[in-house]
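Under our numbering, think of the first position of the sequence shown as 7, with each following residue one higher.
Beneath this line is the structure, given in C-alpha cells, with notes to follow.
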Amino acid sequence: MKVVEVSLGERSYPIHIGSGILGGLQERLLQEATGSKLLLLSNPTVYSIYGPVVERAIEGASLQRSLVLIPDGEQYKDYFWAYHILTRMLQDGLDRGSLLIALGGGVIGDIGGFVASVFMRGIAYVQVPTTLLAQVDSSVGGKTGVNHPLGKNMIGTFYQPRFVWIDVQTLRTLPEDQFRAGMAEVIKYGVIWDREFFQYLRSNHRQILGLQPESLEQVVQRCCQIKAEVVSRDEREAGLRAILNFGHTVGHAIETATSYRGYLHGEAVAVGMVAEAWLAHRLGLLSETEAGEIEETIRSYGLPVGIPKEIEVSRMLSYMTLDKKARAGRLRIVLPEGIGRVRVQEITEEGLLEETLRALQRV
Ligand SMILES: NC(=O)c1ccc[n+]([C@@H]2O[C@H](COP(=O)([O-])OP(=O)(O)OC[C@H]3O[C@@H](n4cnc5c(N)ncnc54)[C@H](O)[C@@H]3O)[C@@H](O)[C@H]2O)c1
C-alpha cells in the first residue's frame, strides 16, 4: 500500500492507496473511531457493489452504523439532502465522537464532508472515493459543499478528512466515460506540475486504459502527491491553488453553454485544456510542439479536443466575461508556459481568445 501525506499542521492526514484494499478499512477504522457510532453515506449504485465489503469492515470494527443512501446524481448534492442526512444523524443518536464515511464519487464525498463539518460543529470523516475524479481530485484537499439553484458548490466549507482510503480496484466497475473524464484531471496534473508524469501518461496509456493495477496506483499516487503539495501550500485557495483550475475557465463556459448537459465535467475540462494550451501558444508562452503534445495526449485518452459547431463561441465568451465581472473585472486564465509549469495570466487580448476558440470549432 502507498501512503501520501497531506501536510496541514494539526489537520494533516494520510491518503492510503492500493489495489483490493477496501476490506482492510477495518483496521484503520479501529484506530480512528473514538465513539461507538458511525454514519455510512453512499448512493444505491455504489452501495450495491461495495456496500457489503465496507459493511463487513464496519462490523469487524464493532461500530454501530447508520446508513443513508442518497439517490444517484449531481442534482441530489443539495441542501435538502444534507438536511435529511443531518436529521438522520440526530435521530440515530450520533454525537461529537461519531464518524462519517463517504463511500462513492465526488457527489457523495462533497456532501458527506459538508455534513461532517457542520454536524455538532464538526465530526471526523473518512473519504472512500470510488471514481477516478474523486480519487485524484475531490477527495483530497478538504473542499466540501452542496449546490444551490443559483450556483454550483455555492454552500460549503473547508474541512479536512481524517484519512482517505483509495482502492483502485473500484475503478473496474466505473463506466468507461467516467473513467476517461477522470483522466482529464490526471493529465491536468502533468501539465501544471510534472513534465515527467506527463510523459509517463503519454507512454503508458494502454496500461492505464487497460486498468492495470500498478499503473493505476502510480497514477493516483502521483496526482494525490501533487494535489497534496498544492493544498499544503494554499489550503484556502488564496493563490497557488488556482493553478488546479487549468482548463476550467473554458471548460466551465462549455458546461454553461450546454446547460451542464451533454458533457461530463472532465470532458469539458479536456476541451478547456486544449483551448487554453493553444491560447498560451498564441500568446507566445508555449511552443507549438508542446501545445500539440497536450492536445494529442488528451485525444489519446478518448477525450474531446474540439468545440462542436452547435456551441456559439460568442455565448462562451459572454459567460467568461460574466464570470470576469464577478471577479472584479479581470479575466484570468491558467496558462502553461511549458509542460509542467503554468502561470495565472490576465487576458487583455480577448480577440486572441475568440480566435483560439473559433479555431477549435474546425477540428
Ligand atoms: N471537493 C472538490 O475539491 C471537488 C473537486 C472536483 C469535483 N468535485 C465535485 O465532484 C462531483 C463529481 O464527482 P464524480 O465525477 O465522482 O461524480 P459522481 O459522484 O456523480 O459519480 C459518477 C457516477 O459514477 C457512479 N460510481 C461511482 N463510483 C463507482 C464505481 N466504482 N463503480 C460504478 N459506478 C460508480 C456514481 O454512482 C455516479 O453515477 C461534482 O459534484 C463536483 O462538484 C469536487
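Even for Gly, the Cβ is constructed at its ideal location relative to N, Cα and C.
In this structure the region 118–130 does not lie against the region 213–220, because fewer than three pairs of beta carbons, one per stretch, are closer than 8 Å.
Taking C-alpha positions only, Ile129 is separated from Tyr165 by approximately 10 Å.
In the three-state reduction of the DSSP assignment, Asp143 falls in the helix class.
The C-alpha of Gly278 is placed about 38 Å away from the C-alpha of Arg127.
Under the DSSP assignment, Glu343 falls in the beta strand (DSSP E) whose first and last residues are Arg338 to Gly344.
The count of Cβ pairs closer than 8 Å, one atom from the region 235–243 and one from the region 260–267, stays below three, leaving the stretches out of contact.
About 7 Å separates the CB atoms of Ala276 and Val311; that is less than 8 Å, so the two are in contact. C-alpha of Ile21 to C-alpha of Tyr195: approximately 17 Å in a straight line.
If only uninterrupted alpha helix (DSSP H) runs of at least 4 residues are considered, those enclosed by the region 73–98 are 85–97. Taking 7 Å as the cut-off, the C-beta of His271 counts as close to a heavy atom of ligand 1. Taking the C-beta atoms as reference points, Leu44 is found nearer than 8 Å to Ser104. The distance from the Cβ of Ile345 to that of Glu294 is about 13 Å, inconsistent with a contact at the 8 Å cut-off. When the five nearest sequence neighbours on each side are left out, the beta carbons in the same chain lying within less than 7 Å of the beta carbon of Leu14 are those of Gln166, Ser238 and Glu241, in order along the chain. Between ligand 1 and the CB of Pro181, the shortest heavy atom gap is smaller than 7 Å. Residues of the same chain with a CB within less than 8 Å of the CB of Leu363, apart from the 5 flanking positions on each side, are Val256, Ala281, Ile313, Val319, Met322 and Leu323 in chain order. The beta carbon of Thr40 sits closer than 7 Å to those of Gly103, all from its chain and outside the five residues before and after it, given in chain order. Distance from the C-beta of Ser144 to the nearest heavy atom of ligand 1 is below 7 Å. The beta carbon of Gln70 sits closer than 6 Å to the beta carbons of Ser42 and Lys43 from its chain, once the five residues preceding and following it are set aside; these are given in chain order.
Per DSSP, the unbroken beta strand (DSSP E) holding Ala108 starts and ends at Leu105 to Gly110.
If you ignore the 5 residues before and after Trp199, its C-beta comes within less than 7 Å of the C-beta of Ile232 and Gly346, all in its own chain and listed in chain order. Spatial neighbours of Gly308 in its own chain (CB-CB distance under 6 Å, excluding positions within 5 residues in sequence) are listed in chain order as Arg186. A residue is called buried when at least 16 other Cβ atoms come within 10 angstroms of its Cβ; His258 meets this threshold and is buried.
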